[in-house]
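Numbering (the numbering used here), first residue to last: 985 to 1395.
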């Protein structure tokens, strides 16, 4: 994307012309159309629904439902009955962990893995300890591919749930959810964390056949504080409630209540209407570009940067040859925080650390931090050049280390 076009589409770059942003796996820059859509809603509509029977709330409800339809269509859900608005991916995974384990008994088993983001591990871990559930771990091969054969050995009549990322936020590998579901069958629930995949690759929940899929808006050009739980309708009908209050009940008295049908069953309290409208507009923006075009663009940048970094001495690329919008690397004898600091001095923003993955990940050797560079459609080759130039040439206090020149003192 050319600089003048980028500044026109994304106000952030117009207001911060010197910043090179390469941390989209953390969060994405918001396009002007999304910002304007949210602003327009608050300026022209009443930001609540269904509490008063009047034209103001009905208009807001209409916008809300149209937006939900767009979201459902984007992931190829059958109906908005399968779409539950939540506060984000983390919130959605926590709610699912509570609801799906409510009926489990001591000794029942969950399958998780060491590459999961903390949001898709810790909630299950906390509940497993309380309810005395057993956690078993899937394996990742040396080439970072999911070990589907090993998964088969973990399954038994006590296995109830497997929770896994669609794309790992640390290494960017894509897991075959459809294949996983075929292996585990219909009696074991598949919960997918799609935070890193929605907005990067095409998602078809019917084709993937996952039972539940969770994602957030802020990693796909949408607002913060909004996310979606997708669930198969037959499962959502039986799913235990996780919120109670106004909007979700059909009738209640001092001794009992009866909840509404889907999707209102999960609409306790005023939903984040502006967030849903902003997310739908982000989907319009993605569709205007084309999801396959976005995927191709991001993978092209990843391999181009990989090629450039390999020419620099002592660079170790951790997810080499993996198609992704994420590149992970280290530099021998230099702490990643020092590299990150030097990049920031040049207004280049990446991520350093462990990326919310467990600190004892042996394949990644996460006892040593690394640098994560992540792309989206607004990035271009000039962004990569700036990054590579700093890493290649170093800066004031790292100059000697970067250039392996022992005679040159660090300032």
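Glycine included, each C-beta is placed from N, C-alpha and C at the ideal position.
Proximity to residue i [Cα-Cα], best of the options
i            : options                   : result
residue 1145 : 1126, 1096 and 1178       : 1096
residue 1070 : 1009, 1259 and 1185       : 1259
residue 960  : 1091, 1241, 1085 and 997  : With the chain represented from 985 up to 1395, any question about residue 960 goes unanswered, as that position is not in the structure.
residue 1320 : 1076, 1309, 1307 and 1334 : 1334
residue 945  : 1124, 1140 and 1137       : Shown here, the chain extends from 985 to 1395; a query on residue 945 therefore has no answer.
residue 1308 : 1009, 1296 and 1002       : 1009
residue 1143 : 1031, 1089, 1180 and 1005 : 1089
residue 996  : 1205, 1219, 1369 and 1289 : 1205
residue 1011 : 1181, 1275 and 1271       : 1181
residue 1244 : 1171, 1261, 1225 and 1238 : 1225
residue 1193 : 1263, 1216, 1202 and 1171 : 1216
residue 1297 : 1173, 1318 and 1278       : 1318
residue 1275 : 1068, 1323 and 1059       : 1059
residue 1377 : 993, 1027, 1080 and 1293  : 1293
residue 1165 : 1139, 1037 and 1154       : 1139
residue 1112 : 1126, 1020 and 1082       : 1082
residue 1202 : 1018, 985, 992 and 991    : 1018
residue 1322 : 1353, 1338, 1126 and 1061 : 1353
residue 1190 : 1062, 1177, 1037 and 1027 : 1062
residue 1214 : 1038, 1306, 992 and 1176  : 1176
residue 1399 : 1366, 985 and 993         : The chain is shown only over 985 to 1395; residue 1399 falls outside these bounds and no answer can be derived.
residue 1223 : 990, 1271 and 1173        : 1173
residue 1122 : 1313, 1315 and 1147       : 1147
residue 1365 : 1029, 1272, 1289 and 1168 : 1289
residue 1068 : 1220, 1114 and 990        : 1220
residue 1396 : 1092, 1239 and 1163       : Residue 1396 lies beyond the stretch modelled for the chain, which goes from 985 to 1395, so this question has no answer here.
residue 1028 : 1035, 1047, 1036 and 1037 : 1047
residue 1179 : 1170, 1072, 1013 and 1295 : 1072
residue 1291 : 999, 1313 and 1170        : 1313
residue 1013 : 1316, 991, 1114 and 1277  : 991
residue 1295 : 1315, 1277 and 1280       : 1315
DSSP beta-bridge partners of residue i
i            : result
residue 1356 : 1312 and 1335
residue 1120 : 1095
residue 1233 : 1243
residue 1005 : 1333
residue 1215 : 1196
residue 1318 : 1315
residue 1299 : 1315
Beta-carbon separation (whole angstroms), residue i vs residue j, contact threshold 8 Å
i            : j            : result
residue 1152 : residue 1099 : 5 Å
residue 1374 : residue 1327 : 6 Å
residue 1250 : residue 1227 : 7 Å
residue 1065 : residue 1207 : Actually they are not in contact, since the Cβ atoms of residue 1065 and residue 1207 sit about 23 Å apart, beyond 8 Å.
residue 1024 : residue 1331 : No, residue 1024 and residue 1331 are not in contact; Cβ-Cβ is about 32 Å, not under 8 Å.
residue 1022 : residue 1262 : 5 Å
residue 1004 : residue 1370 : 5 Å
residue 1117 : residue 1094 : 6 Å
residue 1109 : residue 1363 : In fact, because the Cβ distance is near 35 Å, the residues do not count as touching under 8 Å.
residue 1336 : residue 1355 : 5 Å
residue 1154 : residue 1372 : Incorrect: roughly 22 Å between the Cβ atoms, too far for contact.
Residue-chain proximity (residue i, chain C), Cβ-Cβ < 8 Å
i            : result
residue 1220 : Among the protein chains of the structure shown there is no chain C, as only one such chain exists.
- Do the segment 1224–1235 and the segment 1245–1262 meet, that is, are 3 or more Cβ pairs less than 8 Å apart? Touching, yes, given that three or more Cβ pairs across the two stretches are closer than 8 Å.
- Task: Count the C-beta pairs between the segment 1148–1168 and the segment 1127–1136 that are closer than 8 Å, then say yes if the count reaches three, no if not.
- Result: yes
- Message: What ranges does the alpha helix (DSSP H) occupy inside the segment 1126–1208, keeping only unbroken runs of at least 4 residues that lie completely in it?
- Response: If we require 4 residues or more, the alpha helix (DSSP H) runs fully inside the segment 1126–1208 come out as 1132–1138, 1161–1168 and 1189–1192.
- Message: I'd like to know if the segment 1047–1065 and the segment 1267–1279 are in contact, where contact means that at least 3 CB-CB pairs between them fall below 8 Å.
- Response: yes
- Message: Quick test of the definition: if touching needs 3 or more C-beta pairs under 8 Å, does the segment 1210–1220 touch the segment 1291–1310?
- Response: Because the criterion of three Cβ pairs below 8 Å is not met, the segment 1210–1220 and the segment 1291–1310 do not touch.
- Query: Do the segment 1175–1187 and the segment 1030–1045 make contact, defined as three or more Cβ pairs closer than 8 Å?
  - Reply: Output reads no: the segment 1030–1045 does not touch the segment 1175–1187.
- Message: Three or more C-beta pairs under 8 Å: does that hold for the segment 1073–1084 against the segment 1102–1117?
- Response: yes
- Item | Inter-stretch contact at 8 Å, needing at least 3 Cβ pairs: the segment 1285–1292 / the segment 1353–1368 | yes
- Message: Suppose only complete runs of 4+ residues qualify. What are the alpha helix (DSSP H) ranges in the segment 1031–1069, listed by chain order?
- Response: 1039–1058
- Task: Jot down the residue ranges of each uninterrupted alpha helix (DSSP H) in the segment 1261–1306, minimum 4 residues, whole runs only, in chain order.
- Result: 1275–1293
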